[in-house]
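Here's the structure, in structure tokens; my notes come after.
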Amino acid sequence: MKEVTVFKDGHAFVVQEGKRPLDARGQVVLPHLPSAVIGTFWAYSADPNLKLNSVVASRRKITLERTALSLREIIEANVGAAAFITEANSNRYQATILGFPARSSEELARTSPPNAEERLPEKGNVVLLRTAEGTKALPIERLQDVTIANPAYKSVSVHEEFRPSLTLGLGSVGGKPAPKSAAVGLMYVQKGIRWIPSYKIDLDGKGNATVKLQATLLNELADLDDVTVNLVIGVPTFAFKETIDPMALEQTAAQLSAYFQTPRPGSRSSLASQFSNAMMTQVARMGDYRQDVESAPAQPVDLPEGTKNEDLFVFTLPKVSLKKGARMMVPVAEYTVPYQDKYVVELPFAPPGEVWRNFNNQQQAELAKLMNAPKAMHKIRLANKSRQPFTTAPALVMREGKVLAQGMMTYASPGASADLSLTVAVDIQVKKTEQETVRTPNALNLNGSKYQKVELSGSLKLTNHRANKIEVEVVRHVLGQVDSATQNGVIRNSNAVESSDFLPAGGDYPHWWEWYSWPWWWTRVNTMGKVTWNVTLEPGKAIDLDYTWHYFWN
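Basically this note's numbering = 1-based index in the sequence shown + 56.
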């Protein structure tokens, strides 16, 4: 194996290359037959004097020598030896082992229908023994033991079996004589190696963070011996990844561990999917955090350099050795980036009052507890000043050698920023009040359907009980259209059908969303609103953030 490009979803692009004997017919036989993704399997000649003419995948009959473990195998290994035979009835006598009668593959081919597949020899269930009276056929189940003289005893038996193989047909270029060996190679995509990233972030308390990225390699494909390994950040597209190439001779994909399993459709958690780059979700929110942080540029150390290939970013690790079934952790990148302490209050949208009545008492109590206890979260905002993106991964946050928290790093391309939650900011008090102000019947007539307009107002009161001045980002999501917001609140109303901007951080609908079957007209007459404030709070001071919104209901 020469080079492996590893993706986070468990697929790997494998390049194998080496010299193999070239027979008189210009053929190279490879004993390895990968279970490649259809359309990704390619063979080639690495010798400029030889060209590839054909590749044939087939079953090849091979002969193997193995240590004899059973009585039958011991008898097969000692054909022609003199032995003392003891039958089940305690009858004991001396005989010469002649072996088991068998129908050879050639005989089976002669007696089989036309175009039948080649078969292994059929062996009988009786052992032939030459005794003083003649040749004796003894059923193997009647044989109790066999005693063979030590000088004649053989412990290795010969077996035949079919194994899949590849035969590469090569031809010389320009009529040159064929060499005795040829350099050939294979390249293909197969599932069996993945890498799981993780971060350790050390904060210096002065606005700079040392970000260390390490990779955990999980190898369930093949032994790696001084192989160049490329680790890819990005979302690969293998349109036929669930289909095995016909050249694999209908081999089934190897049974891999839970780290390689594909999540079920609609599943929200899976070992295989937790750390994949949710690009479509994260890029939409990335624009919220693109502001620069004044600081020195990132300072990378001497670790594997990352390169960009189209929309994928690659880290190259040279000379990696890892046995199949083993795991490895390797440092990948390290750089210093600026960060800011951010305090974020994010309030998710709540169901309209008309929907509450469809929930049972337990569900209503759960929602009330969730909606009436807003909290401020202490986060750090990391500005990616490096040349590589931050990838989705667990992140351990430390300061002066002490652990602060563990969170999830989200994707951030170079020049963007990523937020990492630390803990609840208990010194920042948040109080929310909301009420319905006006309900106007028949405010909207659409295609003969009449809708009432429900207008609401809300207020958020933030109090800073810390000893220092802080900056707080407040985000309020509502079901409906935001009409106004005080304190320079930025209003954004989104189309729920075509946009996901209205979803809270993480990009998922709240768990209660599936408790109710939303009417078809909801998205036709309503938008999804969001208000964002960025405020500065002096120690001991408070601020009121007021807003109004409305929605239509049939």
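Don't be surprised by glycine CBs; every beta carbon is placed ideally from N, CA and C.
Go through its chain and collect everything with a Cβ distance to residue i's Cβ below 6 Å, but skip five positions before and after it.
i: Leu516; result: Lys488, Leu601
i: Thr588; result: Val531, Val546
i: His521; result: Asp483
i: Ile118; result: Arg219
i: Asn590; result: Glu529
i: Arg148; result: Thr142
i: Ile130; result: Ala124
i: Thr272; result: Ile252, Met385
Within this structure, are the beta carbons of residue i and residue j separated by less than 8 Å?
i: Ala552; j: Tyr603; result: no
i: Ile436; j: Asp483; result: no
i: Glu594; j: Tyr399; result: no
i: Ser221; j: Leu89; result: yes
i: Ile94; j: Phe296; result: yes
i: Gln270; j: Met385; result: yes
i: Ala432; j: Val388; result: no
i: Arg115; j: Arg186; result: no
i: Ser228; j: Leu78; result: no
i: Ser513; j: Thr493; result: yes
i: Phe156; j: Glu132; result: yes
i: Asn440; j: Pro404; result: no
i: Val182; j: Ile204; result: no
i: Pro301; j: Phe97; result: According to the sequence as given, residue 301 is Asp; it is not Pro. Yes.
i: Lys525; j: Thr592; result: yes
i: Lys75; j: Ala239; result: yes
Just how far apart, CA to CA, sit residue i and residue j?
i: Asp201; j: Leu164; result: 32 Å
i: Val531; j: Glu570; result: 23 Å
i: Lys256; j: Val267; result: 6 Å
i: Ala188; j: Gly136; result: 15 Å
i: Leu423; j: Leu280; result: 52 Å
i: Gly375; j: Val285; result: For the record, residue 375 in the displayed sequence is Lys; it is not Gly. Each residue's alpha carbon lies about 8 Å from the other.
i: Asp260; j: Ser556; result: 36 Å
i: Leu287; j: Thr372; result: 6 Å
i: Gly409; j: Asn498; result: 18 Å
i: Lys425; j: Gln419; result: 10 Å
i: Pro233; j: Ser110; result: 19 Å
i: Ala474; j: Ala481; result: 19 Å
i: Asn134; j: Arg175; result: 25 Å
i: Trp609; j: Ile599; result: 33 Å
i: Asn544; j: Tyr507; result: 31 Å
i: Asn206; j: Thr167; result: 41 Å
i: Ala278; j: Leu226; result: 27 Å
i: Arg580; j: Met454; result: 48 Å
i: Glu298; j: His434; result: 42 Å
i: Val84; j: Arg128; result: 36 Å
i: Leu611; j: Val510; result: A question about residue 611 goes unanswered here, because the residues of the chain that appear run from 57 up to 610.
i: Arg413; j: Gln246; result: 52 Å
i: Pro169; j: Leu224; result: 29 Å
i: Pro235; j: Ala472; result: 56 Å
Quick one: measure Cβ to Cβ for residue i and residue j, integer angstroms, because I've assumed they're closer than 8 Å.
i: Ala123; j: Val212; result: The displayed chain sequence assigns Thr, not Ala, to residue 123. Contact holds; Cβ gap of about 6 Å.
i: Met303; j: Ala92; result: 7 Å
i: Met243; j: Val70; result: 7 Å
i: Thr191; j: Leu199; result: Actually they are not in contact, since the Cβ atoms of Thr191 and Leu199 sit about 16 Å apart, beyond 8 Å.
i: Glu73; j: Gly241; result: 4 Å
i: Val60; j: Ile249; result: 6 Å
i: Leu106; j: Ala99; result: No, Leu106 and Ala99 are not in contact; Cβ-Cβ is about 12 Å, not under 8 Å.
i: Trp568; j: Pro407; result: 7 Å
i: Leu478; j: Leu452; result: With 8 Å as the limit, Leu478 and Leu452 do not qualify as a contact, their Cβ atoms being about 11 Å apart.
i: Ala449; j: Met465; result: 5 Å
i: Ala144; j: Ile153; result: With 8 Å as the limit, Ala144 and Ile153 do not qualify as a contact, their Cβ atoms being about 18 Å apart.
Quick one: residues in its chain with C-beta nearer than 8 Å to the C-beta of residue i, no 5 flanking neighbours on either side, listed in chain order?
i: Val411; result: Tyr572
i: Thr537; result: Note on residue identity: the sequence assigns Gln, not Thr, to residue 537. Here the set comprises Asn549, Asn582, Thr583, Gly585, Trp605, His606, Tyr607.
i: Ala265; result: Ile257, Asp258, Leu259, Thr392, Val393, Pro394, Tyr395, Ile436, Leu438
i: Pro177; result: Ala158, Arg159, Ser160, Ser161, Leu164, Glu216
i: Tyr209; result: Asn134, Ala137
Could you pull out every residue in the same chain whose Cβ sits closer than 7 Å to the Cβ of residue i, ignoring the five residues on either side in sequence?
i: Ala382; result: Asn275
i: Asp282; result: Lys375, Ser377
i: Pro430; result: Val401, Leu403, Val486, Lys488
- beta strand (DSSP E) runs wholly inside the region 89-161, at least 3 long, in chain order: Residue ranges of uninterrupted beta strand (DSSP E) with 3 or more members, entirely inside the region 89-161 and ordered along the chain, are 98-101, 106-123, 138-143, 148-155.
- Message: What ranges does the beta strand (DSSP E) occupy inside the region 378-443, keeping only unbroken runs of at least 3 residues that lie completely in it?
- Response: Listed in chain order, they are 383-403, 432-439.
- Task: Within the region 518-606, note down every full alpha helix (DSSP H) run reaching 4 residues or more, in order along the chain.
- Result: Within the region 518-606, the complete alpha helix (DSSP H) runs of at least 4 residues are 578-581.
- Query: Going along the chain, which unbroken runs of the beta strand (DSSP E) with 3 or more residues stay wholly within the region 433-518?
  - Reply: Segments of the beta strand (DSSP E) lying fully in the region 433-518: 449-455, 458-465, 473-480, 484-502.
- Secondary structure, beta strand (DSSP E): runs of 3+ residues fully inside the region 190-240: Counting only runs of 3 or more, we get 190-195, 199-204, 212-228.
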